[in-house]
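Novice:
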Amino acid sequence: MKSKLIGFLMNFWISFSLALYFHTGEREEKCIIEDIPSDTLVVGNYKVQRWDIHTHGFLESAPGLGMFVTVTSPTAEVLLSKLYGPQGTFTFTSYISGEHIICFQSNSTRFAVIAGSKLRIHLDIRVGEHFLDESAIQAKDKVNEVNIRLEHLIEQIHHVTREQDYEREREEKFRKKSEETNSNILWWAIVQTLILISVGIWQIKSLRDFFISKKLV
Numbered sequence: 001m002k003s004k005l006i007g008f009l010m011n012f013w014i015s016f017s018l019a020l021y022f023h024t025g026e027r028e029e030k031c032i033i034e035d036i037p038s039d040t041l042v043v044g045n046y047k048v049q050r051w052d053i054h055t056h057g058f059l060e061s062a063p064g065l066g067m068f069v070t071v072t073s074p075t076a077e078v079l080l081s082k083l084y085g086p087q088g089t090f091t092f093t094s095y096i097s098g099e100h101i102i103c104f105q106s107n108s109t110r111f112a113v114i115a116g117s118k119l120r121i122h123l124d125i126r127v128g129e130h131f132l133d134e135s136a137i138q139a140k141d142k143v144n145e146v147n148i149r150l151e152h153l154i155e156q157i158h159h160v161t162r163e164q165d166y167e168r169e170r171e172e173k174f175r176k177k178s179e180e181t182n183s184n185i186l187w188w189a190i191v192q193t194l195i196l197i198s199v200g201i202w203q204i205k206s207l208r209d210f211f212i213s214k215k216l217v
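To convert, note that position 83 of the sequence shown is 83 in UniProt numbering; the numbers rise steadily by one, no gaps.
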C-alpha cells in the first residue's frame, strides 16, 4: 500500500512538471544537444501545437501534421530517423558517450499557407529511466514482485554508476585540456620574454655601435 501511494505521488508530481518548448516554422529543422553516457536509454515525449491565424493562438491539435525525428550520435551515425504524428514518444539507446543531436522537422509543405508557418513543440526528454510494468507486477505473486522491483532498482543503480563514470571521464578530459592550455600559456610567456630580452640586447648593442661610430664615447 505504501509503495502504491509513493508511486501515485510520483506520477502526480511528474504530470505537473514543466516541459521545454520551442517554436519552429514550415520545413524548418530544430535541433537540441543532449550529453548522454554510453548504454543509456533515452525516452522523449513531444506534442506539437500549430498557430492559427484566425484566433491568433496555438491550437491543441494539429491534424495531418507529422514530425520527422532524427537522432545522431557523436560519431555522426543516425540512431533514429522516423516520421511520427503531431504527438508521440520516441526512444533510443546510446552506445557511446558524448553529445547526441536530436532534430525535429515538420513534414507539411502546405503548412505556411494554412497556419501561418508557425509551430510550438513541447518536449520532455528523460535519460536513463526504466519504467516498471505495473500490470505485469500485479499479475505475479509477492516474491516475483520483489524480484522485479529489485531488478529495476539494480538497473537504476547501474545507470547512476554509468553517469558517475561518464562525469569522471569528462572531468579527466577537462583536466588534461586545462593542463595543456596552461602549459601552452607558460611556454608562450617564456617565448615572449626571450623575444623581449633579445630585442632589448639588440637595441642596446645598436645604440652602443652608433655612439662608437659617432665617437661620442
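From the three backbone atoms N, C-alpha and C, an ideal C-beta is built for every residue, glycine too.
#1: With distances taken between CB atoms, is the gap from I68 to L79 smaller than 7 angstroms?
#2: How long is the line joining the alpha carbons of A136 and R120, rounded to whole angstroms?
#3: Compute the Euclidean distance between the alpha carbons of S97 and R149, then round it to the nearest angstrom.
#4: Excluding the five sequence neighbours on either side, which residues of its own chain have a C-beta within less than 7 angstroms of the C-beta of Q87, listed in chain order?
#5: Determine whether the beta carbon atoms of T72 and G128 lie at a separation below 7 angstroms.
#6: Would you list the one or two residues that DSSP bridges to G66?
#7: Let me check understanding here. Comparing Cα to Cα, which of T89, K118, V146 and Q105 lies closest to D124?
#8: Would you report the Cα separation of V160 and P74, rounded to the nearest angstrom?
#9: Kindly give me the distance between the Cβ atoms of P37 and R162, rounded to whole angstroms, as I take these residues to be in contact under 8 angstroms.
#10: Could you check whether I33 and E77 sit closer than 7 angstroms to each other, using their CB atoms as the reference points?
#11: Using three-state DSSP, classify N144 as helix, strand or coil.
#12: To the nearest angstrom, how far is the alpha carbon of T193 from that of Y166?
#13: Exposed or buried, what is F210 when buried is set at 16 or more other beta-carbons lying within 10 Å of its beta-carbon?
#14: From the DSSP secondary-structure annotation, give me the bridge partner or partners of K82.
#15: Report the rounded CA-to-CA distance for E29 versus S106, giving the unit in angstroms.
#16: When the distance is taken between beta carbons, is G85 closer than 7 angstroms to G64?
#17: In whole angstroms, what is the alpha-carbon distance linking N184 and G200?
#18: Buried or exposed, going by whether 16 or more other CB atoms sit within 10 Å of the CB of F104?
#19: Mapping the DSSP letters down to three states, classify S213 as helix, strand or coil.
#20: Going along the chain, which residues of its own chain have a beta-carbon closer than 6 angstroms to the beta-carbon of A189, five neighbours each way excluded?
#21: Where does V42 land, buried or exposed, given buried means 16+ other C-beta within 10 angstroms?
#22: Where does the unbroken beta strand (DSSP E) through residue 234 begin, and where does it stop?
#23: Just list the residues that DSSP pairs N45 with in beta bridges.
Specialist: Looking at the coordinates:
#1: The sequence shown places Phe at residue 68, rather than the Ile named in the question. The answer is no: Cβ separation not under 7 angstroms.
#2: At A136, the pLDDT of 49 sits below 50, so the modelled position is not reliable; the number obtained from the coordinates is stated separately. If I take the Cα positions, the gap works out to 36 angstroms.
#3: Distance between the alpha carbons of S97 and R149 is about 27 angstroms.
#4: Excluding residues within five positions, the ones whose Cβ falls inside 7 angstroms are Y46, K47 and V48.
#5: No; because the gap between Cβ atoms is not below 7 angstroms, this pair is not in contact.
#6: Per DSSP, none; premise fails for G66.
#7: T89
#8: 21 angstroms
#9: 5 angstroms
#10: no
#11: helix
#12: Rounded to whole angstroms, T193 to Y166 spans 40 angstroms at the Cα level.
#13: In this structure F210 is exposed. Its beta-carbon is surrounded by fewer than 16 other beta-carbon atoms within 10 angstroms.
#14: V69
#15: 8 angstroms
#16: No, the pair does not count as a contact, with Cβ atoms beyond the cut-off.
#17: 24 angstroms
#18: buried
#19: helix
#20: None.
#21: buried
#22: Nothing can be reported for residue 234: it is not among the residues displayed for the chain, which extend from 1 to 217.
#23: T89 and D124
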